[in-house]
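Everything below concerns the one structure shown next.
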Amino acid sequence: MGEVGHDEAVKLEPPAPLSDGVIVLRPSEERDVALIAAASDDPETRKWLDDEPLTAERQRDLVSRARERWRSGRAAPFVIADATTDVALGLLNVQFDDEEVAGLAVSVFPEARGRGVASRALRVAAKWATLDLGIQRVFAEAAAENVASIRAIEKAGFHREGVLRAHCKTHGQRHDCVMFSIVLSDFADG
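Take a look at the structure:
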């Protein structure tokens, strides 16, 4: 796939579905749109994310916008799906800061919470970014009050680096975020 750069127009192709046997990371499809739209209006999701609920207009071009983000080389948006049924369980985005650093963001749909979906998806994506794309540092951050996200990131094997004061901004308010990272050497034992 080559190196991915923020300032470069690198075409990034979605890989074959990535899986750990329980979840699959794959590009979004039209059949996922209704589930994604419903989750975008979930109060718990809205609490932690700035994204507005999907309007009917944005629902119509959701898949094409995701494909464009892949083509731009700046992001790799995945649907997290059940490995057995292929039903969408959430979303995971890999955002490329430059050719050596990427950030992960994950959101699990309400009906799939509490099943380890986020930690599995974060681990699979971090392995893909480091081992397949050659990214040197993958980071994830969570609001200091978002205990569920912090647990999921830690369970995925990310290392806690510290609290970044007033680093994140949600709904117009700055707040503290906990920063985590994973690097290539973290996968030395598989």
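Heads up: the sequence shown is residues 64 to 253, going by this note's numbering. Where is the CB? At the ideal position from N, CA and C, for every residue including glycine.
Quiz item: Taking L75 as the reference, which of L185, Q158 and A229 has the closest Cα?
Solution: The residue given as residue 75 occupies position 12 in the sequence shown. The residue with the shortest Cα to Cα distance from L75 is Q158.
Exercise. Specify the secondary structure class of A251 as computed by DSSP and reduced to three states.
Key: Working through the sequence shown from its first residue, we reach residue 251 at position 188. A251 sits in coil when the DSSP states are folded into three classes, being neither helix nor strand.
Quiz item: In whole angstroms, what is the alpha-carbon distance linking R186 and T193?
Solution: Position 123 of the sequence shown, counted from the first residue, corresponds to residue 186. Position 130 of the sequence shown, counted from the first residue, corresponds to residue 193. In this structure, the CA atom of R186 is about 11 Å from the CA atom of T193.
Self-check item: Proximal residues to E224 (C-beta, below 7 Å), its chain only, five neighbours per side dropped
Solution: In the sequence shown, residue 224 corresponds to position 161, counting from 1. Closer than 7 Å at Cβ, skipping near neighbours: M242, F243 and S244.
Exercise. Verify whether the separation of the beta carbon atoms of I86 and V180 is less than 7 Å.
Key: Taking the first residue of the sequence shown as 1, we reach residue 86 at position 23. Taking the first residue of the sequence shown as 1, we reach residue 180 at position 117. Contact flag set, yes.
Self-check item: Per-residue burial, K232 [other beta carbons within 10 Å of its own, 16 or more giving buried]
Solution: As a working mapping, residue 232 is identified with position 169 in the sequence shown. It counts as exposed.
Quiz item: Taking all protein chains shown into account, do 16 or more other C-beta atoms lie within 10 angstroms of the C-beta of V226, making it buried, or fewer, making it exposed?
Solution: Your numbering for residue 226 matches position 163 in the sequence shown. Exposed, since its Cβ has fewer than 16 Cβ neighbours within 10 Å.
Quiz item: Would R228 be called buried (16 or more neighbouring beta carbons within 10 Å of its own) or exposed?
Solution: Here residue 228 corresponds to residue number 165 of the sequence shown, with the count starting at 1. R228 comes out exposed.
Quiz item: Using a Cβ-Cβ cut-off of 6 Å (strictly less than) and excluding sequence neighbours within five positions of S182, which residues of its own chain qualify?
Solution: Here the question's residue 182 lines up with position 119 in the sequence shown. Excluding the 5 residues flanking it on each side, S182 has same chain C-beta neighbours closer than 6 Å at A215, K218 and A219, in chain order.
Quiz item: Which residues mark the beginning and the end of the beta strand (DSSP E) in which E217 is found?
Solution: The sequence position of residue 217 within the sequence shown is 154, counting from 1. Here E217 belongs to no beta strand (DSSP E); instead the alpha helix (DSSP H) covers V210 to K218.
Exercise. Use the C-beta contact count for V67: other C-beta atoms within 10 angstroms, 16 or more gives buried, fewer gives exposed.
Key: For the purposes of this step, residue 67 is taken as residue 4 along the sequence shown, with counting starting at 1. The predicted position of V67 is uncertain, since its pLDDT is 45 and thus under 50; a value taken from the coordinates is nonetheless stated next. That one is buried.
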